[in-house]
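S.K.: Here it is, the structure, as structure tokens.
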Amino acid sequence: ADVHIASMGIEKIIPERKHLGVFLRLLTRSATGQPITTYSSHFSKPRPGQQMHIILVDNGRSVQLGREAFRNSLKCIRCGACMNTCPVYRKSGGHSYHTAIAGPIGAILAPNLDMEKYADLPFASTLCGSCSNVCPVKIDIHDQLYKWRQVIVLNGHAPAAKKVSMQAMAWVLASPLKYQLSGKAARLTMKLAPFAVNNKLNPWYKQRDMPPVPESSFREWYKINRS
């Protein structure tokens, strides 16, 4: 083509060309485990008689840069390592995130664009920290997910059902006895009445299967087998 137009986010600019090799190795090793990628193209300048135009896109990135607690997310190189390790992503799939960038990294980038529309994404995490552990550029993803939850609640974007469930969970987690009893009740309910969650009123389960209900909690198993 006579005209080459490339579009990129402003956070993709690196200080010097010599740094490119570092990022290419990080990208492929974190994404597919290969020593180097097979799909990167390098352009230095247009050929005689041709044109090259580079469009730098902001699209909310400067706003994210201004958020001290979340600016670190702009270091993302889109390797997908956080998606591969995330237990929620592996169970739910990418389309459930209803945003262009799925997974844990998408859950901390999307609320910056529209906090009300993507208010549910930071809550779609167990906060296990596996995403932060595998991130090659050391983004504190699970910490930012937790911080986004606080921001969303403080700004009044959390759904009423979420607020009620969080209050109920706080009441349960405040007591070991309540936690044990609620676990037993939940396991019994899933055995005797699985339709309580697997029904038409719960759209999340329309195309998903519930995992097998465990016979006991880890605490009960440990008491029997390791005491």
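Residue numbers (this note's numbering): 11 to 237. For glycine and all other residues, C-beta sits at the position ideal for the given N, C-alpha and C.
Rounded to whole angstroms, how far is the Cβ of residue 118 from the Cβ of residue 97, which I believe are closer than 8 Å?
M.R.: Actually they are not in contact, since the Cβ atoms of residue 118 and residue 97 sit about 17 Å apart, beyond 8 Å.
S.K.: Between residue 182 and residue 202, what straight-line distance do the alpha-carbon atoms span, to the nearest angstrom?
M.R.: Between residue 182 and residue 202, the C-alpha separation is close to 22 Å.
S.K.: For the pair the stretch 59-77 and the stretch 108-128, tell me if three or more CB-CB distances fall below 8 Å.
M.R.: With the cut-off at 8 Å, the stretch 59-77 and the stretch 108-128 touch.
S.K.: Quick one: residues in its chain with C-beta nearer than 6 Å to the C-beta of residue 85, no 5 flanking neighbours on either side, listed in chain order?
M.R.: The residues are 147 and 149.
S.K.: I'd like to know whether the C-beta atoms of residue 87 and residue 33 end up nearer to each other than 8 Å.
M.R.: Going by C-beta atoms, residue 87 is nearer than 8 Å to residue 33.
S.K.: Roughly how many whole angstroms lie between the Cα atoms of residue 39 and residue 45?
M.R.: If I take the Cα positions, the gap works out to 6 Å.
S.K.: With a floor of 3 residues, list each beta strand (DSSP E) that falls wholly inside the stretch 75-103, ordered by position along the chain.
M.R.: With a minimum length of 3 residues, no continuous beta strand (DSSP E) run stays inside the stretch 75-103.
S.K.: Can you give me the C-alpha to C-alpha distance between residue 62 and residue 92, rounded to a whole angstrom?
M.R.: Computed Cα separation, rounded: 34 Å.
S.K.: Using the rule of at least 16 other Cβ atoms within 10 Å of the residue's Cβ for burial, across every protein chain shown, is residue 80 buried or exposed?
M.R.: So residue 80 ends up on the buried side.
S.K.: Which residues in the same chain as residue 15 place their Cβ atom closer than 6 Å to its Cβ, once the five residues preceding and following it in sequence are excluded?
M.R.: Taken in chain order, the residues that qualify are 63.
S.K.: For the alpha helix (DSSP H) holding residue 243, just list the boundary residues, first then last.
M.R.: This structure does not reach residue 243, given that the chain is present from 11 up to 237, and the question cannot be answered.
S.K.: Straight-line CA distance for residue 111 to residue 18?
M.R.: Cα to Cα, residue 111 sits roughly 15 Å from residue 18.
S.K.: Any idea which residues DSSP pairs residue 66 with across the strands?
M.R.: Paired residues: 18.
S.K.: Tell me the DSSP secondary structure of residue 13 in three-state form.
M.R.: In the structure shown, residue 13 sits in a strand (DSSP, three-state: E or B).
S.K.: DSSP on residue 177, reduced to helix/strand/coil?
M.R.: DSSP places residue 177 in helix when its eight states are reduced to three.
S.K.: Within its chain, find whatever has a CB closer than 8 Å to the CB of residue 155; leave out the 5 residues flanking it on each side and keep chain order.
M.R.: Result list for residue 155: 114, 117, 118, 132, 135 and 137, in chain order.
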